[in-house]
Amino acid sequence: MEAPESHLERQMRAQEVQLVWVRLGMVAVATATLLIFARQIVGLPVLLGILAGVALFSVATGWLIRHFPAREVGVVSTIVDMVAVTLAVYFASGIDIHLFYGLVILGVALRFGLGASIWSSIVMSGMYVAVVLTVRTGEAEIINELPVRVAYLVGFGVAAGLFSRIVIGRTTENARLQQRLAEDERDRARGRENELLSQLGRDFSASLDRDATLRTISSGAAPLLGDATLVFTVDEAEHRLLPAAADGRDHTLADAWLDAARQRPARLGEGIVGGVAATVTVRLGTAADIETGDPDALRALGLAWLLAAPIVAGGRPLGVLATVGRSSNGPDGRVRRLAEAVADRAGPALQNAQLWSDLQQRMAHEQTAQRVKDDFLSIVSHELRTPLTSIQGYSQLLEGRLRGERGAESKEMSHLRVIRSQVGRMRRLVDDLLDVSRIDRRGGVSIETADFDLAEEVREAVSRMGREHSTRSIDVTAPETLPVHADRDRLDQVLSNLLENAVKYSPDGGPIRVTAERRGGEVEVCVSDTGVGIPAEHRDQVFERFYQADDDAGRRRFGGLGLGLYISRAIIDAHGGRIWVAPNTIDGTGSTFGFRMPRVAMPLTPAGIAPTGEPPPFVVRRREG
Ligand code: ADP
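Here's what the structure looks like:
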């Protein structure tokens, strides 16, 4: 916004220039008069010389005014005028040109107002009296008229000063008012612009869909910019710019431009739009600037100008906002400013939309990859199960025969036992894999519930574990009976997994304690060991699939697939219970795994599982009896 001082300065400068022309005009008139009455005038060469000096100074004022403040140039001009007039009065003894003092006073009044005008008239009167008294002592008529002439000069000073104050003062005031009004209007326009831009910023970010965001950018910017506006996106892989959305007052032009840009996408660095994307700076080009080719199709579309601003986020050019016009006047400063402001706001919105679309694409890829993996897992597990079942069956058959022929303690029998145990292990692994693939496909495991005694089930599982690991001491605390309504096989699977882990992860052979108890309408089972334990920061992860803790060197110390706890959690979830791990309470080393569930299983059906045609995961089918 322009400061009032500079506005005044401009006015004074204009006035000074006008006075130069007035002075030159007067010099011309005076020269003509002198030449006409040349014979009667004494000291004609001196007078002509003075006029020439004034003319020269007037011409020099044009230069002075460009290099010095107008007020100072005005003061110097006044002094020059006063000296010129005084010299003329002094030398032109044939004519009395004291009236010229009046013109000097008028100049002062116009420049500096009433006070300066009165002072200058007094000074001029003094100079005039001094000149007359030294030069014209013999001319009684002039001496007698001196008081009248002095009164005239002073009176003229006052009148000119008042004139300047009333007329010029009012003009200045008017100019000031006009300027203030213009400034107010500009402020209001800026305010409206800012409001509009903030609204645009909000609109741009309203959607995370990339295409929708690009359309909003072009439709939001179009009414503020040229005849048509086009948003390009940067295709980094192909090094070119792809037109994404177009809009504008001139719809036909917007469509034609979009078509032209689609048919021939600009390369980075090529033309105005390509140049903006490559240099990340705003550029304005006109049809007249085109030297070779017409990469932006300015001529082809009959355009006069094209203004393009980069759409940047995080220092990276994401696109270009370009606007065009058919008027040869080119875009005004407002269009330029708005194009930049709109492009600035479009950057973050486009970046967010781009990130979101990348994320969605990646998620879709991952989901596909996961599905392929799950399918593979399911097929492989099924295929492995069949041969394992026959190996197990035939080894049982062989075992029966050999027991009769060679006796239970024969070498062949012990070999067969090893085969059976290893096949059993493999079956468990394959079953785990199958379970995992089911959980992933359907979101959980299905259970079949019946009434049974959990205390008995716990004791059975412990004694089975005791037979398999005869050196381990496993202590059970459980009530005589603990009736529940749940899936017996699945709970047995959980108990076996917790007990096997307790044995496996306490390699020094420490004691294992199992407790089962009733807690209101729920039952709770805990398995504690004094083994290697689980660091607090990994406790949440042990229930993730394929999780296995590493030792300090990042190696896996124990065998296994890291699936047991993942499946156990799915089973307990299916019963409406929860499973957890905590530090062992026996002596602070090792861990305690526990689960708690309702005595009558209350499966929670998770929301949002799409029907697959298979039975839903948590359906409870009550067994008869
Ligand atoms: P797996 O034992 O086959 O690796 P699990 O799902 O049963 O798989 O266990 C996951 C991981 O949790 C194990 O690899 C182990 O690091 C940790 N973990 C499980 N039980 C115990 C335990 N009783 N003590 C210490 N760590 C355990």
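To convert, take the position in the sequence shown, counting from 1, and add 11; that gives my numbering.
From the three backbone atoms N, C-alpha and C, an ideal C-beta is built for every residue, glycine too.
Given the structure is predicted, the values throughout are model-derived calculations rather than measurements.
Those residues which DSSP pairs with residue i across a bridge
i, result
"Ala472", "DSSP lists no partner for Ala472."
"Phe604", "Val538 and Val592"
"Asp676", "Absent from the structure is residue 676, since the part of the chain shown begins at 12 and ends at 636."
"Ala2", "With the chain running from 12 to 636 in the structure shown, residue 2 is simply not present."
"Gly330", "Thr244 and Ile322"
"Arg524", "Asp486 and Ser539"
"Leu409", "DSSP lists no partner for Leu409."
"Pro609", "Glu533"
"Leu317", "Gly296 and Val335"
Near the ligand ADP: residue i beta-carbon under 6 Å from a heavy atom
i, result
"Tyr558", "yes"
"Leu502", "no"
"Val595", "Val is not the amino acid found at residue 595; the sequence shown has Asn there. Not under cutoff, so the answer is no."
"Gly571", "yes"
"Ile450", "no"
"Ala229", "According to the sequence shown, residue 229 is Ser rather than Ala. The answer is no for Ser229."
"Ile523", "no"
"Ser602", "yes"
"Gly542", "yes"
"Val553", "yes"
"Gly520", "no"
"Asn10", "Outside the shown range of the chain, which is 12 to 636, sits residue 10, and nothing can be said about it."
"Gly641", "The displayed coordinates of the chain run from 12 to 636. Any statement about residue 641 would go beyond what the structure contains."
"Ile7", "Here the chain covers residues 12 to 636 and nothing more, so residue 7 does not appear."
"Ala472", "no"
"Ala581", "no"
"Tyr405", "no"
"Ile545", "yes"
"Ala248", "no"
"Asn363", "no"
"Ala319", "no"
"Ala461", "no"
"Ala513", "yes"
7 Å CB neighbourhood of residue i in its chain, flanking five on each side removed
i, result
"His250", "Arg278 and Leu279"
"Tyr516", "Asp540, Gly542, Val543 and Phe569"
"His480", "Val514"
"Ala375", "none"
"Arg310", "Ala298 and Ile301"
"Val140", "Leu157 and Val161"
"Val31", "Ser69, Thr72 and Gly73"
"Leu125", "Gly172, Leu173, Ser175 and Arg176"
"Asp464", "Thr492, Leu493 and Pro494"
"Thr600", "Thr541 and Gly544"
"Leu427", "Ser406, Leu409, Glu410 and Leu413"
"Val28", "Ile76"
Contacts around residue i, its chain only, beta-carbon distance under 6 Å, and the 5 residues preceding and following it disregarded
i, result
"Met695", "The chain is shown from 12 up to 636; residue 695 falls before or after that span and cannot be answered."
"Met23", "Ala81"
"Pro328", "Val245, Ala288, Val291 and Pro321"
"Pro627", "With a pLDDT of only 37 at Pro627, under the threshold of 50, the placement of this residue in the model should not be trusted, and no figure is reported."
"Asp355", "none"
"Gly282", "Pro306 and Asp307"
"Val57", "Phe102"
"Leu295", "Leu318"
"Ala120", "Ser128, Ala171, Gly172 and Ser175"
Same chain only: Cβ atoms within 8 Å of residue i, ignoring 5 sequence neighbours per side
i, result
"Ile583", "Val505, Arg589, Ile590, Phe606 and Met608"
"Gly202", "none"
"Val134", "Met93"
"Glu511", "Met476 and Gly575"
"Glu247", "none"
"Glu640", "Lying outside 12 to 636, the shown extent of the chain, residue 640 is not represented and no answer is given."
| field | Contact the segment 454-463 vs the segment 493-513: 3+ CB pairs below 8 Å | value | By the Cβ rule, the segment 454-463 counts as touching the segment 493-513, because three or more pairs are nearer than 8 Å.
| contact_flag[the segment 484-492, the segment 520-534] where n(CB pairs < 8 Å) is 3 or more | Yes, they touch.
| query | Are the segment 384-396 and the segment 363-375 in contact at 8 Å, needing three or more beta carbon pairs? | reply | With a cut-off of 8 Å, the segment 363-375 and the segment 384-396 do not count as touching, because too few Cβ pairs lie within range.
| said: Would the segment 448-457 count as touching the segment 397-409 if we require 3 or more Cβ pairs under 8 Å? | reply: In short, these stretches do not touch, since the Cβ pair count stays below three.
| request: List in chain order: all unbroken alpha helix (DSSP H) runs of 4+ residues lying wholly within the segment 229-315. | output: You should have 262-274 and 282-290.
| query | Taking one C-beta from the segment 229-243 and one from the segment 253-270 each time, how about it: are there three or more such pairs within less than 8 Å? | reply | They touch, by the three-pair rule.
| request: Could you pull out every unbroken beta strand (DSSP E) segment of at least 3 residues lying fully inside the segment 104-136, listed in chain order? | output: Counting only runs of 3+ residues, no beta strand (DSSP E) is found wholly inside the segment 104-136.
| task | Take every Cβ of the segment 54-63, pair it with every Cβ of the segment 29-43, and state whether three or more of those distances are shorter than 8 Å. | result | Cβ pair count under 8 Å is three or more, so yes.
| message | When you compare the segment 263-279 with the segment 234-241, are there three or more beta-carbon pairs, one atom per stretch, that lie closer than 8 Å? | response | Contact check between the segment 263-279 and the segment 234-241: three or more CB pairs, one atom from each, fall below 8 Å, which counts as touching.
| message | Quick test of the definition: if touching needs 3 or more C-beta pairs under 8 Å, does the segment 343-362 touch the segment 201-215? | response | The answer is yes - the segment 201-215 touches the segment 343-362, with three or more Cβ pairs under 8 Å.
| Enumerated in chain order, which unbroken segments of the alpha helix (DSSP H) with a length of 4 residues or greater are wholly contained in the segment 163-239? | Within the segment 163-239, the complete alpha helix (DSSP H) runs of at least 4 residues are 180-215 and 221-232.
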